[in-house]
Amino acid sequence: MNSVAMTPHARRRKIVSLFSRLRKSAGQVNPIPIYDELRGMGEVISAPWGGLLVNSYGLAHQILRDKRWAVPDRTWRSRQAAVTRWDSPASRQMSHTLPLLNPPDHTHLRRPLGAVFDRNTLAELHRAAEEMVEVLLDEFTQRLQEGSADFVAMVSEKLPVMIIGKWMGLPPADHELLWELTHDQVYTQELFPTASEIAISDAATARLQVYFADLIQDRRRTPGDDPVSVWIRTWDDLEGDPARTDTVVHSLALFMILAALETTSHLIANTLRLLLEHPDQLDLLRQDPELIPDAVEETLRYDAPIHVITRVAVADTDLGGVPISAGETVQLLIGAAHHDPVRFTDPHRFDVRRRRGRGQSGHASRSPSHLAFGAGIHYCLGNVLARLEAAALLGALLSRPIRLRLSAPAEWAPRVAFRRITSLPLTLA
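Put into structure tokens, the structure is as follows:
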């Protein structure tokens, strides 16, 4: 069907169909053809559920950095219909976290944090990551001797919670619980959560609230040098009110866990998946391990952990020639923007040398920067840590005298905004 000749009704129906396909197995395995179809409908298109969809890199980058666009904060959410996902307990709790605050609230919370991961902290976490990776890979390799093993269950889901748990001083016995609650809570951040998924997210959020409330009280009784203890001291001095301090620290602790686990696990598993599916690129890394950080960056471009970012118009404006009213939303399709041929040369090619400025063909390529961590004041605080973990794992894996292959196709969660590989079965080649 020619998109130019579509009636408005047919156009809406087409968009709904494409997003439905994104949730299904084939769309999860390879969403690129679906994004190509959406891009063919225009740089900016009206969403059937309201607001606009943005396909292009240029506009997505502009909106993320432009003060005329805000995050859907608690004030905006309070104005939405009570029956929508924006009014759920999980959504309301999320609206207190750093990524969903606009200035001046964002500034009030962000500025005292300073450099969350300073040089000394990163050096310590890098050493810890290297040690943890070796332990996890020893266990994984031993299991491979017996047959197929799931890389997600044994490695990529464990490393992020081990790292963030060490940094925050969380008991290892709590790691599995935090993973389960994080998987359940993320439903509220999806584009189209069902009523049952929202209920699951609400329940997980309630349990996380209790967990971190107990943690804060424990750190008040026995303070240390961990981030939670430091945050308590910092905001006690700033606020002069323990109750207000506890609210701030709770939102910070919750945010750090939610931000660190789901997306980093996907980055680790997805990097390995893409390399196994592109053996020529894996060979390049074996020949030149210095390309490992480049491979991580290419994964972040090719298939980022987050494919949709929502922003709200602060005032009436015009976007790509399409009018939008104050308070309306735009969904930035980061997954599509990262395959925008206007921005990226040969965008559908997975090429670990892209960041070096030369693609597979040897010809100079356009700037390969991506939006996987956002841009502007909401640029991801944990970007360095996620990169560190992925590179440490990949480096250790490639240094081992083993060869891996997929023993079955990867399995995916049926999502649109937050990508998640639920299983990556591997075997020795």
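Position one of the sequence shown corresponds to residue 0 (numbering that gives the first Met the number 0), numbered consecutively onward.
From the three backbone atoms N, C-alpha and C, an ideal C-beta is built for every residue, glycine too.
Here the structure is a predicted model, which means the values were calculated and not measured.
Is the separation between the beta-carbon of residue i and that of residue j shorter than 9 Å?
| i | j | result |
| --- | --- | --- |
| residue 303 | residue 270 | no |
| residue 407 | residue 24 | no |
| residue 299 | residue 58 | no |
| residue 319 | residue 63 | no |
| residue 377 | residue 37 | no |
| residue 33 | residue 17 | yes |
| residue 323 | residue 416 | no |
| residue 91 | residue 73 | yes |
| residue 50 | residue 329 | yes |
| residue 151 | residue 174 | no |
| residue 383 | residue 66 | no |
Please classify residue i as buried or exposed, where buried requires at least 16 other C-beta atoms within 10 Å of its C-beta.
| i | result |
| --- | --- |
| residue 352 | buried |
| residue 401 | exposed |
| residue 27 | buried |
| residue 210 | buried |
| residue 134 | exposed |
| residue 250 | buried |
| residue 1 | At residue 1 the pLDDT is 42, less than 50, meaning the model places this residue with poor confidence and gives no usable figure here. |
| residue 398 | exposed |
| residue 8 | exposed |
| residue 54 | buried |
| residue 155 | buried |
| residue 111 | exposed |
| residue 388 | buried |
| residue 366 | Because the pLDDT at residue 366 is just 48, under 50, the model does not fix this residue reliably, and the value given afterwards should be weighed accordingly. Classification for residue 366: exposed. |
| residue 261 | buried |
| residue 94 | buried |
| residue 15 | exposed |
| residue 244 | buried |
| residue 157 | buried |
| residue 60 | buried |
| residue 187 | buried |
| residue 418 | buried |
| residue 222 | exposed |
| residue 362 | Unreliable placement is indicated for residue 362, whose pLDDT of 43 sits below 50; the coordinate value is still reported in the next sentence. Result: exposed. |
| residue 335 | buried |
| residue 3 | Only weak support is given to the placement of residue 3: the predicted model assigns it a pLDDT of 48, under 50, and the question is left unresolved by the model. |
| residue 179 | exposed |
| residue 113 | exposed |
Nearest to residue i by CA position, among the options, is which residue?
| i | options | result |
| --- | --- | --- |
| residue 189 | 368, 21, 382, 376 | 21 |
| residue 170 | 213, 83, 202 | 213 |
| residue 120 | 405, 226, 307, 369 | 226 |
| residue 424 | 413, 403, 277 | 403 |
| residue 356 | 297, 77, 105 | 297 |
| residue 257 | 184, 314, 168, 198 | 184 |
| residue 83 | 197, 149, 43 | 197 |
| residue 122 | 144, 371, 166 | 166 |
| residue 241 | 207, 380, 219 | 219 |
| residue 267 | 76, 395, 102, 45 | 395 |
| residue 393 | 369, 272, 301 | 272 |
Start and end of the alpha helix (DSSP H) containing residue i?
| i | result |
| --- | --- |
| residue 10 | 7–22 |
| residue 115 | Where residue 115 is concerned, there is no enclosing alpha helix (DSSP H), given that its DSSP letter is neither H nor E. |
| residue 184 | 174–184 |
| residue 481 | The chain is shown only over 0 to 428; residue 481 falls outside these bounds and no answer can be derived. |
| residue 45 | It is not in any alpha helix (DSSP H) - residue 45 instead sits in the beta strand (DSSP E) that spans 43–45. |
| residue 383 | 382–397 |
| residue 341 | That residue, residue 341, is in no alpha helix (DSSP H); it is neither H nor E in DSSP. |
| residue 292 | 291–301 |
| residue 376 | Here residue 376 belongs to no alpha helix (DSSP H), and DSSP marks it neither H nor E. |
| residue 35 | 31–39 |
| residue 91 | 88–93 |
| residue 161 | 157–167 |
| residue 372 | Residue 372 -> no alpha helix (DSSP H), and no H or E assigned at all. |
| residue 225 | Premise fails: residue 225 is in no alpha helix (DSSP H) and is neither H nor E. |
| residue 74 | 73–77 |
Contact check, residue i vs residue j under 8 Å by CB: the rounded distance?
| i | j | result |
| --- | --- | --- |
| residue 56 | residue 341 | 7 Å |
| residue 265 | residue 420 | 6 Å |
| residue 70 | residue 310 | 7 Å |
| residue 87 | residue 195 | Contact flag wrong, Cβ pair sits at about 12 Å. |
| residue 391 | residue 128 | 4 Å |
| residue 290 | residue 283 | 6 Å |
| residue 252 | residue 381 | That pair is no contact at about 13 Å. |
| residue 427 | residue 143 | 5 Å |
Residue range of the beta strand (DSSP E) that residue i falls in?
| i | result |
| --- | --- |
| residue 188 | No beta strand (DSSP E) contains residue 188, which DSSP labels as neither H nor E. |
| residue 421 | 420–422 |
| residue 317 | 316–318 |
| residue 322 | 321–323 |
| residue 61 | Segment 56–64 is the alpha helix (DSSP H) holding residue 61; no beta strand (DSSP E) there. |
| residue 308 | 307–312 |
| residue 404 | 403–405 |
| residue 328 | 328–332 |
| residue 51 | 51–53 |
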